[in-house]
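Engineer:
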Amino acid sequence: MVKRFPLSATASMALIAAFAGFTVASVTHAQNGQQPSAGAAESPTPGPAPRRDLSGTWVPVGGTRVGIQAGGVQAMPNDGRPEHALPYTPYGLEVYESHKALEGVDAVLPAEHNDPRNKCEPLGFPRMNHYNIRVTQIFQNPYKIAVLYQYDNRWRTIWVDGRQLPEMVDGGVLAGGTYKASKWYGYSVGEWIDDSTLVVRTVGMMPEDRVWLDSTGRPISDEATVEEVFRRVDSEHMEWTETIDDPKLYTEPWVAMKILFSLADPHTDIIEMYCSPVEMEYYYESFGNAASDVETNGN
Amino acid sequence: MLRKLSVKSAIFVAAPACLLALTGIVPAFAHHSAFAFDTERTLIVEGIVTEWFWANPHCLVKFDVTTDNGDTVHWVAETQAPANMVDAGWRKNDLKPGDEVTVTVQPARNGNPVGRIVRVEFADGRILDATQDRSGATGNEYHLSGAPTD
């Protein structure tokens, strides 16, 4: 088995320079000389991308901070800047304004939120791509690709067996003529458009009263089609892009994420990040409410 | 019922109380924004640990501070999630009930005895620094312990 190591500082900076559209955080991180893994050996020069292969243990090149996306989806943070304003429909804006988020320019105090995440509800897709996307494992066979997320030990399946993308219908999808109900992680179908690029479309997710798009309260609906592009840049890297097309909430498609990942050592044992309802409740009783001036018996 | 304590009072109950300018190296929190806290200054508070809650979404240290008039104030301060803290060099059993600690926090704006931890100093001089922003770390040097070599 070939042991893979994270990039050296030089290689990291070169790659980040090549992907100038990536986050400022990535660049700052690289310039600080911080490495994905202390003590790792110098990495070899990356080779060509393997043919139709996304498998591996992946980490954001810019570090954990890039994947956390606390301030909103990575490519369009909810920071009040005009260039990051989303093209809401009137209904989309209404749904956004009904969300009381703990992050972003419209954040509320910890005790005032209504983020389903804080009850440990499933994040669903595509929010899973925008909440603590840290160490991510991908396994694949000729029929399907499994994406294993670190947060809450969640996973989803991308079918690559040649099936058609299901047709969206009220309350779910028609897959091969058979009705299937909406799912937290939807129905994903992928197609290799060349030997290094997989395009994945996902439909049939949960409605906007059950899931959010990001931690700043941006909405996503059950009429969304999410397109992801997984592109193997070389033997050590993969670019993961996501575009939201949700006519119920947004007037036009927009890019929510474009993150470069590098392969981690295959021996990497991943830390659990479960959302425990008991722990979450205790956290708010002990801390969140006090920070918000809410009376509690937690202390 | 939550006991209210002003930030000003908290400063006076802390033995080496002082205000420090923060140098802008506070790590990003994933669970909530920072605006409930005064990120422009820090408090140093001495107390006795009553609980170390190592869990998501954020770890908590509970500690009791004795005021000059003998009252006990129950403080709660948070770090980041365990996955972040491991990368910053913290461990699940780093703090134990009874530990004497000096905790530097960014206090809540509302004056309650809660805050975000900048660092914890123990009586033996050991220091846990929450500002070690190693957000690029995957923790491999920790996770790989015991793994076979190829």
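One line per chain: the protein sequences are D and E, in this order. The opening residue of the first sequence carries number 12 in my numbering; numbering runs sequentially from there. The opening residue of the second sequence carries number 536 in my numbering; numbering runs sequentially from there. C-beta atoms are modelled at their ideal positions from N, C-alpha and C, and glycine is treated no differently.
1) Whether or not the stretch 269 to 281 of chain D and the stretch 577 to 597 of chain E are in contact is what I'm after, with contact meaning three or more pairs of Cβ atoms, one per stretch, closer than 8 Å; do they touch?
2) Looking at the C-beta of E613/E, does it have a partner C-beta in chain D at a distance below 8 Å?
3) Quick one: what's G67/D bridged to in DSSP?
4) Would you mind working out which of T147/D, E238/D, W265/D, Y293/D sits nearest G74/D, comparing C-alpha positions?
5) Compute the distance between the beta-carbons of L114/D and G82/D, then report whether it is under 8 Å.
6) Residues in its own chain within less than 6 Å of C286/D by CB, not counting five upstream and five downstream?
7) Hey, could you find the ends of the beta strand (DSSP E) T577/E is sitting in?
8) Does the distance from the CB of L663/E to the CB of D634/E come in under 8 Å?
9) Does A192/D pass the burial test, meaning 16 or more other C-beta atoms within 10 Å, or should it be called exposed?
10) Let's test the definition: count the other Cβ atoms within 10 Å of the Cβ of T56/D and tell me whether it reaches 16, buried, or not, exposed.
11) For N591/E, go through chain D and note every residue whose CB falls closer than 7 Å to its CB, in chain order.
12) Taking the alpha carbon of M284/D as the point to measure from, which residue in T637/E, C594/E, I579/E has its own alpha carbon closest?
13) Could you check how far apart the C-beta atoms of A86/D and A267/D are, in whole angstroms? I think they sit under 8 Å.
14) Taking Cβ positions, are E239/D and D256/D nearer each other than 8 Å?
15) Whose Cβ in chain E lies nearer than 8 Å to the Cβ of S297/D?
16) Does the distance from the C-beta atom of W325/D to that of G201/D stay below 8 Å?
17) Helix, strand or coil for F570/E, going by three-state DSSP, please let me know.
18) Taking 8 Å as the CB-CB cut-off, is A267/D touching chain E?
19) Measuring only the C-alpha atoms, how far is V158/D from I149/D?
20) Of all Cβ atoms in chain E, is any one closer than 8 Å to the Cβ of P302/D?
Structural biologist: Put simply:
1) Not touching, per the Cβ criterion.
2) yes
3) I149/D
4) T147/D
5) Inspection of the sequence shows that residue 114/D is occupied by Glu rather than by Leu. Closer than 8 Å, so yes.
6) C131, D163
7) From DSSP, the beta strand (DSSP E) with T577/E extends over 576 to 588.
8) no
9) A192/D counts as exposed, since fewer than 16 other beta carbons sit within 10 angstroms of its beta carbon.
10) exposed
11) M284, Y285, C286, S287, E290
12) C594/E
13) 6 Å
14) Not a contact, by the Cβ cut-off of 8 Å.
15) F588, L595, K597, V611
16) This structure gives no information on residue 325/D, because the portion of chain D shown stretches from 12 to 310.
17) coil
18) no
19) 5 Å
20) Reading off the sequence shown, one finds Ala at residue 302/D, where the question assumed Pro. Yes, A302/D lies at the interface with chain E (some Cβ there is under 8 Å from its Cβ).
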